[in-house]
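See below for the structure under consideration.
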Amino acid sequence: MESNVPVPESSVVDSALAPAVPEAFDFVREKAGIREWHLRSNGLKVLLLRNTVAPVATFAVVYCVGSRNEAVGHTGATHLLEHLMFKGTAEYDREKGTAVAAVLEALGARFNATTWFDRTNYYETVPSDRIEVAVRIEASRMRGALLRDSDRVPEMTVVRNEYERGENSPFQVLYKETFATAFREHPYHHPTIGWRTDIEGVSTHRLKEFYDVFYHPNNATAMLIGDFEEPEALATIERQFGSIPRSVEPIPEVYTVEPPQEGERRFIIRRTGQVAWVALSWRTVAATDPDTPALAVLGNVLGVGLTARLHLALVEESLALSVTVVPWQLRDPALFSVFAPVRPGVATEVVESRIRQEIARVASEGVTEAETKKARTQIEAEVIFDRDSTDQVAASLSEAIAVAGWEWYADYPDLVRRVTDGDVRRAAAKYFRDDALTVGLYLPKEGPGA
Amino acid sequence: MTATPPAPAAPPPKRKVPFAEAVRERTLSSGARFLVLENHFNPTVAISGSLNAGGLFAPPDRRLVASFTAGELAKGTARRTKLEIAEELESRGASLSFSAGSADPVGVDVGAASLSRDLEILLDVLAEVLLTPVFPAEELEKEQMRLVGVVREQQDQTSVRAFEAVSRRIYPPGHPFHRRTAEERIAAIESLEREELQRFYDERYGAGTLLLVVVGDVDSGRILDGLERRLGEWRSGPSPEIPRPPAVSPAPGSETVRMPDKASADVVLAQPADLERSSPEYLACVLANSALGQSSLTSRLGVRVRDTEGLTYGIHSGFSATHLGGPFAVSLTVKPESRDAAVAATLEEIHRFRREGMTAKELADEKSSHVGRFKVDLASNGGIAHALDAAVYYGLGVPYLDEYPSLVERVSKEAADAAFAKRVDPDRFTVVSAGSFDTP
Chain L
91 MESNVPVPES SVVDSALAPA VPEAFDFVRE KAGIREWHLR SNGLKVLLLR
141 NTVAPVATFA VVYCVGSRNE AVGHTGATHL LEHLMFKGTA EYDREKGTAV
191 AAVLEALGAR FNATTWFDRT NYYETVPSDR IEVAVRIEAS RMRGALLRDS
241 DRVPEMTVVR NEYERGENSP FQVLYKETFA TAFREHPYHH PTIGWRTDIE
291 GVSTHRLKEF YDVFYHPNNA TAMLIGDFEE PEALATIERQ FGSIPRSVEP
341 IPEVYTVEPP QEGERRFIIR RTGQVAWVAL SWRTVAATDP DTPALAVLGN
391 VLGVGLTARL HLALVEESLA LSVTVVPWQL RDPALFSVFA PVRPGVATEV
441 VESRIRQEIA RVASEGVTEA ETKKARTQIE AEVIFDRDST DQVAASLSEA
491 IAVAGWEWYA DYPDLVRRVT DGDVRRAAAK YFRDDALTVG LYLPKEGPGA
Chain D
10 MTATPPAPAA PPPKRKVPFA EAVRERTLSS GARFLVLENH FNPTVAISGS
60 LNAGGLFAPP DRRLVASFTA GELAKGTARR TKLEIAEELE SRGASLSFSA
110 GSADPVGVDV GAASLSRDLE ILLDVLAEVL LTPVFPAEEL EKEQMRLVGV
160 VREQQDQTSV RAFEAVSRRI YPPGHPFHRR TAEERIAAIE SLEREELQRF
210 YDERYGAGTL LLVVVGDVDS GRILDGLERR LGEWRSGPSP EIPRPPAVSP
260 APGSETVRMP DKASADVVLA QPADLERSSP EYLACVLANS ALGQSSLTSR
310 LGVRVRDTEG LTYGIHSGFS ATHLGGPFAV SLTVKPESRD AAVAATLEEI
360 HRFRREGMTA KELADEKSSH VGRFKVDLAS NGGIAHALDA AVYYGLGVPY
410 LDEYPSLVER VSKEAADAAF AKRVDPDRFT VVSAGSFDTP
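Sequences listed follow chains L and D, in order.
With this note's numbering, letter number 189 in the first sequence gets 279, and the count goes up by one each step, no holes.
With this note's numbering, letter number 394 in the second sequence gets 403, and the count goes up by one each step, no holes.
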């Protein structure tokens with residue numbers, strides 16, 4: 091086995107040197123060590139980041155299509171399609187014994203695909219001498235998926251069980267209902283997994299249409315992170331993706347905008363169980379908004395660690411079992427959420443009012459400079475820890491691409507570093523308004539086995 | 010830090026140095042072992058470690074004393090309160106945890122991470138909480154109240170209910186893998202006193218079985234000296250011997266745990282398997298299991314029950330192999346109406362697998378998969394620290410990481426089939442389902 095001990099050897103790519111431009115690509119820019127290239131033949135964006143800490147690399151393709159691009163009748167289509175991408179392409183086909191998963195498993199790859207509001211991503215971390223297999227699989231998926239009805243039928247019930255598993259989780263039930271309540275017009279209204287009867291009812295033909303609209307090189311970004319040589323990597327990507335044409339039609343835009351919320355909204359879900367949950371969510375802004383870094387800092391001040399304000403107010407005071415704060419960062423305006431499972435014996439009203447009290451205090455008095463500094467340091471450290479593993483970098487880059495563009499990943503630490511306690515206070519006062527609030531309660535109801 | 014990560018301070022790694030040469034190690038007269046591997050690519054450090062103070066060493070009716078003692082270590086020391094300790098770490102984005110879970114009844118897991126610039130502070134805190142915890146009564150009381158709620162919350166989860174019920178059926182009361190009922194555990198949690206934790210700490214904690222692995226952007230000599238300076242005076246503590254619980258041979262059976270309002274049910278099929286991590290047959294068993302059920306996408310069970318029949322989102326089989334041999338278990342989630350079909354398909358596949366063994370292609374694929382995955386898992390400081398920790402903790406030694414590919418390569422089909430069939434017999438399974446079932 092090889093270890094990862096660095097000893098002096100030849101130099102790494104020197105970012106000060108102008109890169110040699112391979113014929114098929116345009117070099118676009120470099121930031122934070124990430125180089126962006128465009129494949130001339132079809133507009134595919136390619137990001138390369140060398141990290142030679144171990145002889146592995148992560149190849150990922152992110153498509154700018156998520157549940158945000160769905161509508162009534164085919165909610166969950168993006169996700170179901172993602173599942174079908176494992177079933178068969180012209181080259182990798184389970185019916186021929188060359189299923190994507192089997193090929194990757196035999197390499198020892200760590201691989202998966204995920205679907206979210208704004209994007210779908212496919213990734214595989216492979217030994218670095220097998221990069222071409224990963225690239226070839228993704229190229230094959232981009233336009234070569236077979237999407238057979240005989241694949242959809244058994245996979246639909248797999249996805250339905252995934253949906254059912256989610257319904258077992260109070261947290262998931264609450265977050266889905268929160269989005270469905272806070273968003274009425276914008277497609278963030280429906281969950282990524284889709285509504286149950288849409289999962290069951292959507293036709294293979296409709297999925298195929300969806301695939302044909304969104305799966306094109308000009309709606310995708312390919313990225314390679316890890317141990318590779320740039321010229322070889324570009325040549326590999328060109329070899330596998332170069333002949334795929336760009337879409338004939340432009341990729342459709344989502345134009346639906348959620349109007350302002352004009353009053354507090356509330357919902358209650360009652361199911362058999364033992365523990366109640368409380369969720370409070372305020373409407374906020376898109377990830378690209380200048381207030382986003384301040385909201386991220388606020389998320390840490392309120393929710394990260396034993397010394398965070400809501401942890402002190404709820405868990406230290408034995409009112410809640412834990413508390414989770416999520417400053418959602420999405421492409422369109424989203425939410426700032428607080429979720430807490432209530433300690434049995436404590437009234438949900440007490441937890442809700444304690445959260446509102448803490449939020450009101452932040453909105454009126456702001457946070458301290460020390461709290462702001464701590465939160466900034468935590469976020470900075472998270473970004474640096476991310477760089478420890480190639481798949482984590484790929485995941486973070488995918489999110490950035492989906493909501494703002496990849497440079498956002500590179501700029502984020504600086505944006506956070508500039509956040510002052512004044513910024514946090516202004517953001518808290520601006521967004522933590524009762525009229526923009528959705529409150530959800532998950533209440534245990536009595537029943538056999540409860 | 011700057012937005013642009015600094016140009017790597019060190020040139021790219023040369024990867025031909027075996028772990029056995031690259032890892033620096035120091036063993037103290039107390040028995041404590043420290044391992045350090047330098048990796049300067051990213052300014053971070055990961056720590057993974059252990060010491061033998063898990064539930065196995067607590068009285069059979071008070072196993073939870075071990076998990077509480079580990080969990081309360083950082084809740085206050087002779088010098089500082091819980092919140093002062095937390096502030097010290099959280100203000101740097103650093104983390105430190107101690108846990109004694111039920112999956113490995115022997116060890117307390119130590120996990121920590123920080124930016125390399127904060128490592129000295131992290132090590133100060135680590136030594137402080139290991140050496141001078143005071144187990145404040147008011148902190149214990151808060152944790153008792155919280156955990157009673159957590160136990161109740163877990164009782165709403167079908168997976169938890171299925172696993173707990175199966176472990177009760179296949180392991181007798183008092184056995185380290187036996188899981189007591191929620192009500193029994195709540196009563197035990199509520200009756201805990203801080204003196205019990207203090208006593209367990211005094212009896213079980215010491216340097217004798219302490220192992221700490223540090224991987225990252227560090228100077229190995231300096232870290233070894235620093236660890237010795239901080240922990241060198243710590244008492245050895247009790248004998249490192251690990252008592253073995255008696256072998257069990259439960260009768261097969263089945264049980265349905267009824268839980269209303271659950272869209273998805275969990276099913277567990279299990280039996281005691283007696284496979285220890287250090288067993289010479291470990292790799293043979295693990296390769297065979299991978300072909301059968303490690304992956305929901307590519308293993309036989311996944312291909313049949315998920316991919317072909319569409320009955321589950323996830324199906325997985327595995328051995329629990331630590332210092333002690335735990336259960337072999339297959340777990341899957343299903344829509345309640347699909348349970349019988351899914352269980353029948355699962356049993357049929359396991360019977361066939363046991364009868365016919367792996368195919369040559371399966372064995373070859375699993376070998377290359379394991380060797381490749383091993384490489385992939387060693388791609389981060391945390392991954393390397395964890396692998397080194399496990400290799401030493403289970404007595405395999407650091408060279409195991411270098412020898413792993415050839416050890417995997419050496420496993421024959423006959424050995425894998427025989428090792429698996431010796432331990433897994435579906436006719437001996439206990440089957441438990443938890444969910445919204447109308448009929449048993």
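All C-beta atoms, glycine included, are put in the ideal place defined by N, C-alpha and C.
Just so it is clear, the structure is predicted and the values come from calculations on it, not from any experiment.
With residue i as the anchor, note down where its alpha helix (DSSP H) starts and where it stops.
i	result
D/Glu162	Ala146 to Gln163
L/Asp288	Arg286 to Gly291
L/Arg233	Ile221 to Gly234
L/Ala453	Thr438 to Glu455
Using a threshold of 8 Å, state whether the C-beta atoms of residue i and residue j are closer than that.
i	j	result
D/Ala216	D/Ser39	yes
D/Val143	D/Ala87	yes
L/Tyr265	L/Leu171	no
D/Leu333	D/Pro114	yes
L/Asp239	L/Leu174	no
D/Gly116	D/Leu60	yes
L/Arg516	L/Arg158	no
D/Val441	D/Val314	no
D/Ile56	D/Val222	yes
D/Val26	L/Ala199	no
L/Asn251	D/Lys344	yes
L/Phe429	L/Ala366	no
L/Arg336	L/Gly495	no
Contact check, residue i vs residue j under 8 Å by CB: the rounded distance?
i	j	result
L/Thr467	D/Gly102	5 Å
D/Arg42	D/Val407	That pair is no contact at about 11 Å.
L/Thr210	L/Val155	6 Å
L/Leu527	L/Glu354	5 Å
L/Thr382	L/Leu425	Going by Cβ atoms, the distance from L/Thr382 to L/Leu425 rounds to 13 Å, so no, they are not a contact pair.
L/Phe149	L/Leu129	Their Cβ separation, rounded to whole angstroms, is 15 Å, which puts L/Phe149 and L/Leu129 out of contact at 8 Å.
L/Pro417	L/Ala376	Not confirmed; about 12 Å, so no contact.
L/Pro503	L/Val473	5 Å
L/Ile359	L/Tyr532	5 Å
D/Gly63	D/Ala75	5 Å
D/Ala354	D/Leu306	Not confirmed; about 16 Å, so no contact.
Between which two residues does the beta strand (DSSP E) containing residue i stretch?
i	result
L/Arg140	Lys135 to Arg140
D/Gly392	Element bounds for D/Gly392: not the beta strand (DSSP E) but the alpha helix (DSSP H), Asn390 to Tyr402.
L/Ile359	Arg355 to Thr362
D/Thr53	Thr53 to Leu60
L/Phe261	No beta strand (DSSP E) contains L/Phe261, which is instead part of the alpha helix (DSSP H) from Pro260 to Ala272.
L/Val415	Thr414 to Pro417
D/Leu341	Gly334 to Val343
D/Phe107	Ser104 to Ser108
D/Glu34	Arg33 to Thr36
L/Gln351	Element bounds for L/Gln351: n/a, residue is neither H nor E.
D/Ser378	It is not in any beta strand (DSSP E) - D/Ser378 instead sits in the alpha helix (DSSP H) that spans Ala369 to Asp386.
Tell me, please, which residues DSSP counts as bridged to residue i.
i	result
L/Phe115	L/Leu129
L/Tyr212	L/Val151 and L/Ala203
L/Tyr532	L/Ile359 and L/Trp367
L/Arg373	L/Leu425
L/Met313	L/Leu137 and L/Ala150
L/Ile327	In DSSP, L/Ile327 forms no bridge with anything.
D/Leu278	D/Val339 and D/Val440
D/Ser200	DSSP lists no partner for D/Ser200.
L/Ile124	L/Lys121
L/Asp183	L/Gly178
D/Thr90	D/Gly85
Hey, would you say the C-beta of residue i is under 7 Å away from at least one heavy atom of the ligand GDP?
i	result
L/Lys535	Among the components of this structure there are no ligands whatsoever, and the ligand GDP is therefore not found.
Handout entry: Contacting positions in the stretch 393 to 415 of chain D - beta carbon closer than 8 Å to chain A
Key = Looking for chain A here will not work: the only protein chains present are L and D.
Problem - Length-filtered (3 minimum) beta strand (DSSP E) runs lying within the stretch 415 to 448 of chain D - result: 439 to 444
Practice task
With a floor of 3 residues, list each beta strand (DSSP E) that falls wholly inside the stretch 203 to 272 of chain D, ordered by position along the chain.
Solution key: 220 to 225 and 262 to 267
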